[in-house]
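Take a look at the structure:
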């Protein structure tokens, strides 16, 4: 299973006031709030952790069928700015995060070795959905592969797992 999430930093800066009263309390665990408070760039840490939680949630939702607003249940373990894990109700997901001046992009996988099987897809890829979950179907082999898509502001990213 895979999940991904992207934040357009210019749009987030314009539309999201992460410093408003109690915002961090509603989204981040106590340990995550300490990471943010102690970060050289707290705003970048907010969006780094946010994308990890969102990417992991996409997998959690697929695996369990549970939908809901559960940011506190998604607990980030921060190895460094590019690597970590997210735990949710006993399940653990591995994350890789890419940071640029314009965006923060995270991919999450259920099994670490799945990072080697990720392929990017483009906007022209025919994506279907079953129960709201996106997938692509290979026309010749009829193999169905899960996909994850994310978009924010100027950015769109799509990925799929290949064997």
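In this note's numbering, the protein residues as written are 1210 to 1372.
Ideal placement from N, C-alpha and C gives every residue a C-beta, glycine not left out.
Legend entry - Proximal residues to residue 1296 (C-beta, below 6 Å), its chain only, five neighbours per side dropped: Walking along the chain shown from the start, residue 1296 turns up at place 87. Excluding its 5 nearest sequence neighbours in each direction, residue 1296 has C-beta neighbours in its own chain below 6 Å: 1284, listed in chain order.
Inset, instruction - Kindly indicate which three-state DSSP category residue 1267 falls into: helix, strand or coil? - result: To locate residue 1267, count along the chain shown from 1; it is residue 58. In the structure shown, residue 1267 falls within a helical segment according to DSSP collapsed to helix, strand and coil.
Legend entry - Runs of beta strand (DSSP E) wholly within the stretch 1315-1352 (minimum 3 residues, chain order): Secondary structure within the stretch 1315-1352: the beta strand (DSSP E) runs of 3 or more consecutive residues, fully enclosed, are 1327-1330, 1337-1339 and 1342-1346 (chain order).
Inset, instruction - Give me the Cβ distance between residue 1331 and residue 1367, rounded to the nearest whole Å; I'm assuming they're in contact under 8 Å. - result: Against the chain shown, residue 1331 aligns to sequence position 122. Against the chain shown, residue 1367 aligns to sequence position 158. About 7 Å; that satisfies the 8 Å criterion.
Legend entry - Residue span of the beta strand (DSSP E) that contains residue 1366, given as start and end: For the purposes of this step, residue 1366 is taken as residue 157 along the chain shown, with counting starting at 1. Residues 1364-1370.
Inset, instruction - Taking only the alpha-carbon atoms, compute the straight-line gap between residue 1369 and residue 1229 and give it to the nearest angstrom. - result: Here the question's residue 1369 lines up with position 160 in the chain shown. Here the question's residue 1229 lines up with position 20 in the chain shown. Spanning the two alpha carbons is a distance of roughly 36 Å.
Inset, instruction - Please classify residue 1286: does DSSP put it in a helix, a strand, or coil? - result: Here residue 1286 refers to the residue found at position 77 of the chain shown. Secondary structure of residue 1286 (DSSP, three-state): strand.
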